[in-house]
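Before any comments, here is the structure.
Residue numbers (our numbering): 757 to 1010.
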């Protein structure tokens, strides 16, 4: 199918602008399709800004993982940013208003909420509009340690470290209370061998969570995505935790 020709033919018949996204079947995974779509949208729709909004962020939040609660995770991130006093210029996800996409370049920073897709979009915004990526090279906030690292990085970058530390302390109290109730069940997992089979967005943060907080031993890590940034981040985590599990990339998560 020649999607470009179809759009050109139909354009005079509609009152809105048609943007062809060339993503033919069997070209790659769903993550490749997301990257292709984001690339087209950013290059065709984002407008050059009149200026930057100080201390602002553009969220890059493609629904690119097998986690069914991703909308709640996104809402949590938005609440945290609001509490830290960080304005969100645009959230690149489903149902994003066109006006937000057009104004995305006025953001001072970008925050990627996926390890599977969206890195190319963050790189494009950085190279084209000077939008600084933050929390890069840090696993997403799953588990206490990862959440503390992630929030601390945000607090340091946006001069809101005290508030970030308060959020961390509140979270630790909530988790501790929950663990006390669940301990009779969780204690049977101590030093149990474990396999982590997931997309990189969830799988990489789970490595530290399973090892340090569940006190299990990951012996197999199978990730759907195997891009260079994914491999580098996982290798960094394994080295930090002194783990040597079998690692498989490009696996069928389901």
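Virtual Cβ for every residue (Gly too), placed ideally from N, Cα, C.
Query: With 16 other Cβ atoms within 10 Å as the buried cut-off, status of residue 878; Result: buried
Query: CB-CB length for residue 901 against residue 927, believed under 8 Å; Result: Not a contact, Cβ separation roughly 11 Å.
Query: Helix, strand or coil at residue 935 according to DSSP, with G and I counted as helix; Result: helix
Query: Cα-Cα separation, residue 905 to residue 786; Result: 29 Å
Query: Coarse secondary structure for residue 814, derived from DSSP in three states; Result: strand
Query: Where the beta strand (DSSP E) through residue 993 begins and ends; Result: Counting along the chain, residue 993 falls outside any beta strand (DSSP E), though it belongs to the alpha helix (DSSP H) covering 984-997.
Query: Proximity below 7 Å, CB of residue 966 to CB of residue 956; Result: no
Query: Selection from 884, 860, 808, 897 that minimises the alpha carbon distance to residue 832; Result: 897
Query: Residue 808, DSSP secondary structure in three states; Result: coil
Query: For residue 847, the residue or residues it bridges with in DSSP; Result: 815
Query: Rounded separation between residue 795 and residue 830 - CA only; Result: 21 Å
Query: DSSP bridge partner residues for residue 1002 (one or two, in chain order); Result: 976
Query: Residues near residue 959 by beta carbon distance below 6 Å, same chain, minus five either side; Result: 952, 979
Query: 7 Å Cβ cutoff met for residue 862 and residue 887; Result: no
Query: Reduced DSSP category for residue 952 - H, G, I as helix; E, B as strand; rest coil; Result: strand
Query: CA-to-CA distance, residue 925 to residue 917, given in whole angstroms; Result: 12 Å
Query: Where residue 917 sits in the DSSP three-state scheme; Result: helix
Query: Residues near residue 982 by beta carbon distance below 6 Å, same chain, minus five either side; Result: 1005, 1006
Query: Three-state class that DSSP yields for residue 828 in the structure shown; Result: helix
Query: Chain-order list of residues whose beta-carbon lies under 8 Å from that of residue 931 (same chain, five-residue window excluded); Result: 900
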